[in-house]
């Protein structure tokens with residue numbers, strides 16, 4: 005996986021960095037979790053403070069275009085982000101039937 009950050013803007017009002025990136029890969033499309041881990045490691049940030057907003061792939065291309073937000077602290081992330089975006093990428097809890 006190879007990242008290219010095409011836009012990096014600091015949003016002081018919401019205490020976050022807003023990124024637009026292009027990811028090229030070989031093989032199957034990487035999972036949201038693996039993209040989140042790799043991007044956090046590349047930027048040297050805590051992956052719990054990084055939220056992936058949208059990921060778009062195009063047919064026939066080994067490329068993903070996405071948007072991410074990196075918050076300064078957990079409180080800012082929880083007060084700003086929508087719940088469904090926070091739940092995406094988390095491992096699913098198996099219920100006992």
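Numbering (this note's numbering), first residue to last: 5 to 101. Here a beta-carbon is modelled for each residue, glycine too, at the ideal position from N, C-alpha and C.
Here's the rule I'm using: 16 or more other beta-carbon atoms within 10 Å means buried, otherwise exposed. How should residue i be labelled?
i          : result
residue 63 : exposed
residue 70 : buried
residue 54 : buried
residue 73 : buried
Can you give the Cα-Cα distance for residue i and residue j, rounded to whole angstroms?
i          : j          : result
residue 49 : residue 35 : 19 Å
Compare the C-alpha of residue i against each of the options and name the closest.
i          : options        : result
residue 65 : 12, 26, 11, 16 : 26
residue 40 : 19, 11, 30, 68 : 68
residue 83 : 12, 17, 7      : 17
residue 44 : 9, 88, 80, 91  : 9
Assuming the contact rule is C-beta atoms closer than 8 Å, residue i and residue j should be a hit. Round their C-beta distance to whole Å, please.
i          : j          : result
residue 76 : residue 19 : 4 Å
residue 22 : residue 13 : 5 Å
Quick check on DSSP: helix, strand or coil for residue i?
i          : result
residue 12 : strand
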